[in-house]
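A short worksheet on the structure shown next.
Residue numbers (UniProt numbering): 1 to 114.
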(Lines of atoms letter the chains of each structure in order from A and count residues from 1; the text may use other names and numbers.)
(Lines give C-alpha, C1' and ligand atoms only; values in the text may rest on other atoms or scores of the structure.)
Protein backbone atom coordinates (compact mmCIF):
# COMPACT_ATOMS: atom_id res chain seq x y z
CA UNK A 1 0.00 0.00 0.00
CA UNK A 2 1.39 3.36 -1.01
CA UNK A 3 1.73 6.16 1.51
CA UNK A 4 -1.14 8.10 -0.08
CA UNK A 5 -3.33 4.97 -0.03
CA UNK A 6 -2.60 4.50 3.66
CA UNK A 7 -3.61 8.11 4.35
CA UNK A 8 -6.88 7.69 2.44
CA UNK A 9 -7.57 4.43 4.26
CA UNK A 10 -6.98 6.02 7.67
CA UNK A 11 -9.29 8.92 6.80
CA UNK A 12 -11.96 6.51 5.54
CA UNK A 13 -11.80 4.47 8.72
CA UNK A 14 -12.19 7.56 10.88
CA UNK A 15 -15.20 8.95 9.02
CA UNK A 16 -16.88 5.56 8.61
CA UNK A 17 -16.46 4.95 12.35
CA UNK A 18 -18.30 8.23 12.93
CA UNK A 19 -21.07 7.11 10.57
CA UNK A 20 -21.27 3.78 12.38
CA UNK A 21 -21.49 5.36 15.82
CA UNK A 22 -24.21 7.75 14.70
CA UNK A 23 -26.20 5.06 12.90
CA UNK A 24 -26.09 2.68 15.87
CA UNK A 25 -27.70 5.35 18.01
CA UNK A 26 -30.48 6.22 15.58
CA UNK A 27 -31.27 3.25 13.32
CA UNK A 28 -32.97 0.23 14.80
CA UNK A 29 -30.99 -2.95 14.24
CA UNK A 30 -27.98 -1.30 12.63
CA UNK A 31 -24.82 -3.00 13.92
CA UNK A 32 -21.73 -2.06 11.92
CA UNK A 33 -20.32 -1.24 8.51
CA UNK A 34 -17.23 -1.98 6.52
CA UNK A 35 -15.79 -0.98 3.20
CA UNK A 36 -13.96 -2.42 0.24
CA UNK A 37 -11.85 -0.35 -2.11
CA UNK A 38 -9.24 -0.64 -4.81
CA UNK A 39 -7.02 2.38 -4.17
CA UNK A 40 -5.78 2.46 -7.76
CA UNK A 41 -9.39 3.32 -8.67
CA UNK A 42 -10.41 5.44 -5.69
CA UNK A 43 -13.04 6.78 -5.11
CA UNK A 44 -14.97 5.04 -7.89
CA UNK A 45 -14.19 1.60 -6.46
CA UNK A 46 -15.34 2.48 -2.92
CA UNK A 47 -18.09 0.17 -1.71
CA UNK A 48 -19.63 0.38 1.77
CA UNK A 49 -21.51 -2.52 3.33
CA UNK A 50 -23.97 -1.67 6.12
CA UNK A 51 -24.85 -4.58 8.40
CA UNK A 52 -28.01 -5.02 10.45
CA UNK A 53 -28.65 -7.53 13.22
CA UNK A 54 -31.62 -9.28 11.60
CA UNK A 55 -33.37 -9.73 8.28
CA UNK A 56 -36.48 -8.20 9.88
CA UNK A 57 -34.71 -4.95 10.83
CA UNK A 58 -33.00 -4.80 7.45
CA UNK A 59 -36.33 -5.18 5.63
CA UNK A 60 -37.85 -2.50 7.83
CA UNK A 61 -34.98 -0.12 7.06
CA UNK A 62 -35.27 -0.76 3.31
CA UNK A 63 -38.97 0.21 3.43
CA UNK A 64 -38.20 3.63 4.92
CA UNK A 65 -38.61 6.35 2.31
CA UNK A 66 -35.97 8.75 3.64
CA UNK A 67 -33.11 6.47 4.55
CA UNK A 68 -30.57 8.03 6.86
CA UNK A 69 -27.43 6.12 5.87
CA UNK A 70 -26.77 7.37 2.31
CA UNK A 71 -26.89 11.10 3.14
CA UNK A 72 -24.92 10.53 6.34
CA UNK A 73 -22.22 8.60 4.49
CA UNK A 74 -22.09 11.19 1.70
CA UNK A 75 -21.85 14.07 4.17
CA UNK A 76 -18.88 12.42 5.87
CA UNK A 77 -17.21 11.57 2.56
CA UNK A 78 -17.64 15.22 1.54
CA UNK A 79 -15.25 16.13 4.37
CA UNK A 80 -12.61 14.14 2.45
CA UNK A 81 -13.55 15.78 -0.84
CA UNK A 82 -15.20 12.58 -2.10
CA UNK A 83 -18.48 13.28 -3.87
CA UNK A 84 -20.67 10.86 -5.77
CA UNK A 85 -23.54 11.64 -8.11
CA UNK A 86 -25.37 8.62 -6.73
CA UNK A 87 -24.04 7.47 -3.35
CA UNK A 88 -26.53 4.60 -3.23
CA UNK A 89 -24.58 2.86 -6.02
CA UNK A 90 -21.68 2.57 -3.56
CA UNK A 91 -23.68 1.16 -0.63
CA UNK A 92 -25.09 -2.30 -0.05
CA UNK A 93 -26.86 -3.85 2.92
CA UNK A 94 -26.60 -7.16 4.69
CA UNK A 95 -27.51 -8.73 8.01
CA UNK A 96 -25.96 -11.01 10.56
CA UNK A 97 -28.82 -13.53 10.25
CA UNK A 98 -28.04 -14.11 6.57
CA UNK A 99 -24.32 -14.47 7.22
CA UNK A 100 -25.00 -17.12 9.85
CA UNK A 101 -27.42 -18.94 7.56
CA UNK A 102 -25.40 -18.76 4.34
CA UNK A 103 -21.77 -18.65 5.52
CA UNK A 104 -21.88 -19.99 9.09
CA UNK A 105 -20.95 -16.56 10.44
CA UNK A 106 -17.82 -16.25 8.29
CA UNK A 107 -17.94 -12.56 7.35
CA UNK A 108 -14.66 -12.65 5.44
CA UNK A 109 -16.13 -15.21 3.08
CA UNK A 110 -19.46 -13.40 2.85
CA UNK A 111 -17.92 -10.02 2.10
CA UNK A 112 -16.15 -11.48 -0.92
CA UNK A 113 -19.53 -11.46 -2.69
CA UNK A 114 -20.15 -7.75 -2.05
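Glycine is no exception: its CB is placed at the ideal position from the N, C-alpha and C atoms.
As the structure is a prediction and not an experimental result, all values here were calculated from the model.
For this session: Could you pull out every unbroken alpha helix (DSSP H) segment of at least 4 residues lying fully inside the segment 19-77, listed in chain order?
Result: 55-63
Exercise. Short check: CB of residue 53 to CB of residue 20, under 8 Å?
Worked result: It is not a contact, given that the beta carbons lie outside the stated cut-off.
Exercise. Who pairs with residue 94 in a beta bridge, going by DSSP?
Worked result: 51
Exercise. Between which two residues does the alpha helix (DSSP H) harbouring residue 108 extend?
Worked result: 107-111
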